[in-house]
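Undergrad: Read in our numbering, the sequence shown has 3 at position 3, and its numbers run on one by one without any break. All C-beta atoms, glycine included, are put in the ideal place defined by N, C-alpha and C. From a predicted model like this one, the values you see are computed outputs, not experimental measurements.
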Amino acid sequence: MNSGGSDWPTALLSLTDQHLARLVMALTHNITRDAIFYSWLIGDQNRAARAHKGLQASLREVLALPAPAIEYCATPEDIAEGLCCAHAVLGQWESIPDWATVEAAYRILEGLDLLLTHGLDSADGMGGRERRRSMVHADVVSARAQLEVFRGRAFTAMGLLDRSNAIAEGREGARTVRRRLDIQDIPWWSTDPRTAWPGDRWWAKRNDPRHAHEKYL
């Protein structure tokens with residue numbers, strides 16, 4: 001996706017159905033969803049995997065849940081990475097987003113949104129399969145809303161959340177993004193042109209040696 005540039009639809013369609021299905025299903029699970037958002041923000045899947053283990057271990061500790069049959073063996077470093085993940089997805093993070101990864105992810109979600117929209121009827125009278133499809137679709141749209149928050153576009157994110165609820169009301173992913181907007185609607189990096197989202201046109205021209213902030217000059 002990162003190498004696709006303006007021809008990103010071709011890159012998206014080259015991904016396997018299994019790969020896309022795994023991503024869509026991961027977006028339905030709270031901890032996994034946050035770890036995925038974190039991996040897109042930082043551009044590092046290994047750190048995100050450690051954060052995932054740390055978040056799972058922390059949740060078990062807080063809720064006094066028994067350890068699973070196969071222990072994840074979270075280390076103190078995993079716990080610290082999980083805490084960093086929690087701060088990052090709230091927009092309270094000291095580093096700068098990996099915009100190339102964020103933008104690639106956004107286009108994957110945008111493509112999935114379009115695919116799931118095609119031929120989708122009203123939820124009224126839906127069978128079980130169609131109802132599950134609508135819930136998955138709503139989660140994809142709310143994930144797009146989360147990335148719009150990362151971009152510093154709270155108003156656009158709210159519109160996507162309304163659309164998510166119209167597709168399938170009350171999904172946890174949409175409620176979580178809305179709660180985060182209530183806490184902080186603009187991430188700190190969006191307040192500085194040098195670190196803010198470089199804009200749509202940057203995607204096709206990101207090999208340009210100019211820095212992102214030069215779009216303001």
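1. Whose C-beta lies closer than 8 Å to the C-beta of GLY170 among residues of the same chain, with five residues either side of it excluded?
2. So, is GLU172 buried or exposed, given that buried needs 16 or more other C-beta atoms within 10 angstroms?
3. Can you tell which of ALA104, GLN184 and VAL136 has the C-alpha that lies nearest to the C-alpha of ARG22?
4. Thinking C-alpha only, which one of SER164, THR191 and ALA196 is nearest LEU218?
5. Just the Cα atoms here: how many angstroms apart are GLN146 and GLY128?
6. Which residues bound the alpha helix (DSSP H) around ALA8?
7. If I follow the unbroken alpha helix (DSSP H) through ALA39, where does it start and stop?
8. Would ALA48 and TYR38 qualify as a contact pair, given that the criterion is a beta-carbon distance under 9 Å?
9. When DSSP labels each residue in this structure, what does ASP182 get in the three-state scheme?
10. What do you reckon, are the CB atoms on GLY54 and ASP34 nearer than 9 Å?
11. Which residues bound the alpha helix (DSSP H) around LEU20?
12. Using only alpha-carbon positions, find the residue among LEU116, ASP162 and THR101 that is nearest to GLN45.
13. Using a Cβ-Cβ cut-off of 7 Å (strictly less than) and excluding sequence neighbours within five positions of ASP185, which residues of its own chain qualify?
14. Which value, in whole angstroms, describes the spacing of the CA atoms of SER122 and ILE167?
15. Could you pull out every residue in the same chain whose Cβ sits closer than 6 Å to the Cβ of VAL140, ignoring the five residues on either side in sequence?
16. Would you identify the three-state DSSP class for GLU94, choosing helix, strand or coil?
17. Run the CB neighbour count on ARG218, radius 10 Å, all protein chains shown included, and call it buried at 16 or more, exposed below.
18. Considering just the uninterrupted stretch of the alpha helix (DSSP H) at ARG129, what are its terminal residues?
TA: In short, the structure shows the following:
1. For the purposes of this step, residue 170 is taken as residue 170 along the sequence shown, with counting starting at 1. Cβ neighbours of GLY170 beyond the five flanking positions: none.
2. Looking up residue 172 in the sequence shown gives position 172. Taking all protein chains shown into account, GLU172 has fewer than 16 neighbouring C-beta atoms within 10 Å of its C-beta and is therefore exposed.
3. On the sequence shown, position 22 is the one that residue 22 refers to. Between ARG22 and the set ALA104, GLN184 and VAL136, the nearest pair of CA atoms involves VAL136.
4. A query on residue 218 cannot be resolved here, the shown segment of the chain reaching from 1 to 217 and no further.
5. The sequence position of residue 146 within the sequence shown is 146, counting from 1. The sequence position of residue 128 within the sequence shown is 128, counting from 1. As the crow flies, the alpha-carbon of GLN146 is around 27 Å from that of GLY128.
6. As a first step, residue 8 must be located in the sequence shown, where it is residue number 8. For the record, residue 8 in the displayed sequence is Trp; it is not Ala. Counting along the chain, TRP8 sits inside the alpha helix (DSSP H) bounded by residues 8-13.
7. If you number the sequence shown from 1, residue 39 lands on position 39. At residue 39 the sequence reads Ser, which differs from the Ala that was named. Where SER39 is concerned, the enclosing alpha helix (DSSP H) stretches over 30-42.
8. Indexing the sequence shown from 1 puts residue 48 at position 48. Indexing the sequence shown from 1 puts residue 38 at position 38. Yes, these two residues count as a Cβ contact at 9 Å.
9. Taking the sequence shown and counting its residues from 1, the one referred to as residue 182 is at position 182. In the three-state scheme derived from DSSP, where H, G and I count as helix and E and B as strand, ASP182 is classed as helix.
10. Indexing the sequence shown from 1 puts residue 54 at position 54. Indexing the sequence shown from 1 puts residue 34 at position 34. No, the pair does not count as a contact, with Cβ atoms beyond the cut-off.
11. As a first step, residue 20 is located in the sequence shown; it is residue number 20 there, counting from the start. From DSSP, the alpha helix (DSSP H) with LEU20 extends over 17-26.
12. Along the sequence shown, read from residue 1 onward, the residue named residue 45 stands at position 45. If we check each option's Cα against that of GLN45, THR101 comes out closest.
13. The sequence position of residue 185 within the sequence shown is 185, counting from 1. In the same chain as ASP185, and ignoring 5 residues on each side of it, the C-beta atoms closer than 7 Å to its own belong to ALA154, in chain order.
14. As a position in the sequence shown, residue 122 is number 122, starting the count at 1. As a position in the sequence shown, residue 167 is number 167, starting the count at 1. The predicted position of SER122 is uncertain, since its pLDDT is 48 and thus under 50; no value can be drawn from it.
15. Numbered from its first residue, the sequence shown carries residue 140 at position 140. Correct list, in chain order: LEU109, LEU112 and ASP113.
16. Position 94 of the sequence shown, counting from 1, holds the residue named residue 94. Coil, per DSSP.
17. Nothing in the structure corresponds to residue 218, since the chain is present only between 1 and 217.
18. Along the sequence shown, one-based indexing puts residue 129 at 129. Per DSSP, ARG129 belongs to the alpha helix (DSSP H) from 128-150.
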